[in-house]
RNA sequence: GCGGGUGUGGUGAAAUUGGUAGACAUGCUAGACUUAGGAUCUAGUGCUUCACGGCGUGUGGGUUCGAGUCCCUCCACCCGCACCA
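Numbering (my numbering), first residue to last: 6 to 909.
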C-alpha cells in the first residue's frame with residue numbers, strides 16, 4: 006500500500022492556506038487510512054510507501070542519477086553507462102556510435118581529448134537519457150508550471166482546464182523516445198485491454214516510410230518524411246509549415262508580403278483553433294521552387310498551416326491523388342493533380358487505400374503499392390537523396406516542474422553547468438521556504454531557499470525545479486518488494502522473487518501517462534541490470550468508474566400576458582421583480598408533460614399569482630400567464646430519497662431556495678429528475694463511503710460495491726439496492742442463530758442437500774474469483790444462504806466452510822461468527838475449502854425437451870441413461886406424443902445430460 | 001474520419017465450452033404477522049392473449065437440430081485519437 010503524495014492539489018491548497026503541504030498531506034493520509042481501515046482492507050502496512058517521504062524519494066533521486074549517467078546504444082538496443090560512451094569517445098570519437106542523441110556534430114578521438122571539460126559535458130548532455138536542454142514546452146501560466154503532453158487535454162490543462170502556451174525554457178527531459186520501439190513491441194507481452202494498448206500505440210504513433218531530400222532551385226534542401234514513397238511521381242508541389250526555418254530564406258521578394266501576412270495570421274491562432282478549424286483551406290505561395298529528384302520537374306513551394314511544425318520535419322511532399330488534404334489544397338489553389346494509380350478515378354477525391362497498382366511512375370509503374378514502396382526506398386537510397394525511416398510521434402518527456410511540492414533534483418550548478426549530488430549526500434530534501442510561490446523574477450519557489458536551508462547544498466546554486474508527479478509513481482511497485490532497504494531501491498534478490506506485478510487494477514485514464522512512464526523506467530532499470538523483467542505489470546484490469554447520480558429540480562417562471570401594451574420602464578421593473586420572486590419548481594412528471602399549462606394544479610398556481618400581482622399593481626394587471634421553463638438545477642442528493650425531494654430540507658439548504666415554491670405531482674410529492682455523471686462537489690452528487698459504512702456497515706458496502714456489476718464496467722452509484730445486500734448478511738447471520746438471536750449450530754453430519762449447496766458454492770466462488778467476477782460471487786452467496794435457510798441447515802461443518810468462502814467479501818461478520826464457533830485463530834489464517842465433486846452427483850437430470858429448438862417441458866431421467874434410452878424414453882412420453890400430434894420426428898438430437906431436441 | 005467498447009425486463013444485472021434467456025437483487029402488486037420497520041414471511045411479476053398459444057437479448061440477414069453466444073450488414077450510445085504527411 007502506498008500513496009503518491011506529491012503533486013499539484015496539495016500545493017495549491019498550501020498556497021491558499023499557507024500551511025506546509027507536508028502537514029496537509031499528512032492529515033489527508035490519516036483520513037485515507039481511517040477510511041481504508043474502516044472498510045477492513047487487509048493491506049500489508051509494513052510495506053507502506055509515500056512518494057513524498059525522503060526515505061522514498063532518496064531512491065527516486067538515485068534512479069534519476071542512473072538515468073542521467075546513461076545513454077542509449079542503438080546497436081545493442083539498450084541503455085548503457087555513460088562511462089562506456091566516454092571510453093568510446095576517447096578511442097574512436099563519435100563517428101561509429103549509433104545512439105539516440107540530439108548531437109549532430111561528428112568528432113574524432115583526438116578532437117574529444119582536446120575538448121574542454123565544459124565542451125565534453127555539453128556533448129555528453131546530448132547523449133544522456135535525461136538531459137537539460139532548451140525546449141519548447143507547454144507552459145501553463147495559471148498553474149505556474151510546464152506540463153507534459155499527457156497532462157493536456159483538448160489544448161487546456163487536464164487539471165483545472167487552464168490555457169497552455171508554448172514557451173522555450175531550459176528544462177530537464179527524459180529521452181523516452183529511445184524506447185519508442187520497445188514500448189510498442191513489448192505490448193504484445195502483456196495481458197492488457199486492447200483499448201489501453203491502442204491508446205499507447207497511438208500515443209507513440211509509429212509510422213514507417215522514408216525521408217527524402219528535395220533540393221530547391223537555389224540550393225537549399227527540404228527534408229520531408231513520407232509513409233508513401235511509392236507515390237513520389239505523384240508529387241506536384243511542396244508544403245512547409247508556416248514556422249519552418251527555411252521559409253524566410255527561400256521566399257522570393259515578390260511573395261514576401263504575402264507570406265509574412267500568412268505567417269502572422271496563423272501565428273495569431275492557437276494550436277487549438279488551428280486543429281478545430283480543419284475545413285478552411287489556406288496557404289501562401291513562397292515563389293520558390295523545388296526540383297523533383299526523379300523527374301527534374303519544378304515544384305511550387307507553399308506554406309500552409311495544415312502542415313505541422315512539430316511533426317516529422319515540418320514539411321511534406323504533396324501528393325494530391327493519394328492524400329485528401331493535398332487534394333483539397335491542390336483543388337483550392339488550382340495546382341496540378343497527377344494520377345499515378347492504375348484505373349482509379351481521382352478527380353473528385355484522393356485514393357488513400359494501399360491496394361492500388363502504381364502507374365505513370367517510370368520504374369515504379371505496374372507495381373502494387375507494397376512492392377512499389379520497397380522499390381522506391383531502394384531507388385531513393387541509391388540516388389543518395391534519402392533513406393527508409395521510421396518516425397514516432399512520441400516526444401521526449403519534460404521532467405521539470407516549476408513547483409515546490411515534488412522531488413528536488415539531486416543536481417547543483419557550478420558556472421551553470423549541472424553536477425550530480427553524490428550518493429552519500431542523498432536524499433536532497435525539500436528546503437523550508439517562506440512562500441510556495443515563484444520569486445519576483447519568475448524563478449520557481451525553490452529559488453527562495455537560501456544556501457543554509459538546503460541539507461545538501463553544493464556549487465553556486467541548487468536546481469530550482471522539482472520532478473513531475475510521475476517520477477515517484479514510476480517505480481513504487483518495486484519499492485513494495487523491499488520497502489525498508491537502505492542500501493538499494495530494491496535488492497536484486499527480492500526483485501527476482503516477487504518479479505512483475507501479477508495484476509494491476511486501475512483506471513484507463515493513466516494510459517498515456519503513468520502506465521507509459523512506468524514501462525519506460527522498468528525497461529531502463531532492466532537494461533542497467535537492476536531488475537530482471539522488462540514490463541512492470543503483467544496483467545491489467547481497468548475498473549469502471551463509480552459514477553454519481555445527480556438529481557434535478559425544474560425551475561419555471563411566470564410569463565405573463567398583459568392587456569395594455571403601454572408599460573412604463575417602472576412597470577417593467579416591477580414585473581421583472583415579481584417574476585423573479587415567484588419562481589416555481591415543477592415535479593418531473595409535470596415538467597415532462599406537453600400540456601402542462603392546462604393542468605389544474607398549474608392553473609391554480611397561475612391564478613393565485615395573478616390575483617396577488619393584480620391586487621398590488623391594479624393599473625398593469627395581467628390577464629393570463631403561462632409557466633416558462635428556465636433550467637434544471639442540481640439538488641443535493643442527500644435531500645432526496647427514491648427521487649422524492651425533501652421539500653423543507655431543500656428550502657433550508659441554500660438561502661436562494663428559502664421561499665422556493667413547488668407544484669407537486671398528484672400524489673403530493675415532488676419527483677426529481679436524474680442523470681448519471683461523474684461525482685463532483687458542484688453537482689451535489691457526492692457520496693462518501695463513510696456515510697454508508699455508518700448506516701449499513703463495511704461488510705454491506707463491500708459486498709454491495711461488488712454486487713453492482715462487472716468490475717470493468719462503469720456504473721452509477723445508486724444505493725437503491727443496498728438493502729438487498731444488507732438483508733442477505735442479516736439472513737446469513739440468522740443461519741447461525743435461533744429466533745431469539747441465540748447462537749446455535751448443530752454438530753454431526755450435514756444433510757446431503759446442504760453438502761450439495763456447500764460444494765456447488767465452493768466451485769462457483771472459486772470460478773468467479775478466477776475470472777474476477779465478484780458480482781456473481783455475491784449472488785452465489787445469496788443463493789447458498791437462501792438454500793440453507795430453506796433447508797433449515799445450521800450444521801457446523803457446512804457453515805464453517807461457507808464462512809471461509811465469504812470472509813474476503815465480508816470480513817467483519819465472518820470473523821465474528823468464526824470466533825463464536827469457538828475458533829481461536831483469525832479466519833484469515835485458515836485454509837480455503839476443498840471442492841469435492843462427489844457431492845454434486847445426481848441420480849436424475851431433468852432433460853429440457855424442445856421441438857425445433859423450442860423448449861416445451863422437462864423430463865426427469867436417470868443421469869446414467871445412455872443416448873438411445875433417453876431418445877426412447879422421450880419419444881414414448883405422453884407430452885411428446887401431444888407435441889408430435891401424430892407426426893413422426895425427422896430427427897432427434899440427444900446431448901447426454903444437456904438437452905433433447907426433436908426436429909419436426 | 002480512425003481505433004476500442006457497450007446494447008438483454010421498470011432498474012442493477014446473470015447465462016463460464018453454441019444447449020431450459022432473465023439466475024441473484026431491486027422495484028412493483030396482493031396477502032400474512034406485528035412493540036408500525038429500511039423487520040420477517042407467502043404468492044405473483046419479460047411482453048402479449050380471457051385462454052390455447054404467440055412474440056421476445058439494438059436492426060436486418062446467414063450458419064446450425066439448436067444462436068444473447070459464431071459470421072455478415074446496418075443503427076444507437078460511451079471512451080480514446082485526430083490536418084501525424
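Every residue, glycine too, gets a C-beta built ideally from N, C-alpha and C.
- Below 8 Å, too few C-beta pairs join the segment 63-82 and the segment 20-31 to call them touching: fewer than three.
- Secondary structure at residue 784: helix, using DSSP grouped into helix, strand and coil.
- Its chain contains 528 as the residues whose beta carbon lies nearer than 7 Å to that of residue 187, once the 5 sequence neighbours on both sides are disregarded; these appear in chain order.
- Taking residue 396 as reference, the option from 102, 212, 500 and 241 with the minimal CA-CA separation is 212.
- Within 10 angstroms of the beta-carbon of residue 684 lie 16 or more other beta-carbons, which makes it buried.
- DSSP places residue 200 inside the alpha helix (DSSP H), whose first and last residues are 199-209.
- Taking a contact as a CB-CB distance under 8 Å, the pair residue 16 and residue 441 counts as one, their CB atoms being some 6 Å apart.
- Residue pairing from DSSP places residue 221 in a beta bridge opposite 295.
- With contacts defined as CB atoms closer than 9 Å, residue 318 and residue 216 qualify as a contacting pair.
- Restricting attention to 765, 890, 509 and 374, the CA atom closest to the CA of residue 838 is found in 765.
- Closest in C-alpha terms to residue 121, from the list 170, 422, 709 and 612, comes 422.
- Put simply, the backbone Cα of residue 779 is about 6 Å away from that of residue 773.
- Taking 9 Å as the cut-off, the beta carbon of residue 291 is found closer than this to the beta carbon of residue 257.
- By the criterion of at least three beta-carbon pairs nearer than 8 Å, the segment 547-556 is not in contact with the segment 232-249.
- For the pair residue 472 and residue 415, the Cα-to-Cα distance works out to about 10 Å.
- As DSSP reads the structure, residue 373 sits in a beta bridge with 362.
- Cβ-Cβ distances below 8 Å link residue 151 to 142, 143, 144, 145, 172, 174, 176, 403, 405, 406 and 407 in the same chain, with the five nearest sequence neighbours on each side left out; the list follows chain order.
- Of the residues assessed, residue 634 falls on the exposed side of the cut-off, its CB having fewer than 16 other CB atoms within 10 angstroms.
- Counting every other CB atom within 10 Å of its CB across the protein chains shown gives residue 337 a total below 16, marking it as exposed.
- Contact between residue 722 and residue 510 is ruled out by a C-beta separation of about 18 Å, above the 8 Å threshold.
- In its chain, beyond the 5 residues on either side, 553, 642, 684, 722 and 724 have a beta carbon closer than 8 Å to the beta carbon of residue 692.
- For residue 331, the three-state secondary structure derived from DSSP is helix.
- If you draw a straight line from the Cα of residue 102 to the Cα of residue 182, it comes to about 18 Å.
- Here DSSP, grouped into helix, strand and coil, assigns residue 690 to coil.
- Just measuring C-alpha positions, the residue of 748, 168 and 476 sitting nearest residue 70 is 476.
- Secondary structure note for residue 124: its alpha helix (DSSP H) is the uninterrupted segment 122-130.
- As for any beta strand (DSSP E) of minimum length 3 sitting wholly inside the segment 563-636, the runs are 589-591, ordered along the chain.
- The Cβ-Cβ distance between residue 517 and residue 205 falls below 9 Å.
- Fewer than three Cβ pairs drawn from the segment 585-592 and the segment 751-761 lie within less than 8 Å of each other, which leaves the two stretches out of contact.
- In the DSSP assignment, residue 69 falls within the alpha helix (DSSP H) that extends over 59-73.
- About 4 Å separates the beta carbon of residue 54 from that of residue 7, a gap short enough to meet the 8 Å contact definition.
- Here residue 611 has 630 as same chain residues with Cβ atoms under 6 Å from its own Cβ, once five neighbours each way along the sequence are excluded.
- For residue 418, the uninterrupted beta strand (DSSP E) segment begins and ends at 416-419.
- For the 9 Å CB-CB criterion, residue 76 and residue 137 do not form a contact.
- Residue pairing by DSSP leaves residue 6 without any beta bridge partner.
- Non-local C-beta neighbours of residue 737 in its own chain, meaning closer than 6 Å and more than five positions away in sequence, comprise 790, ordered along the chain.
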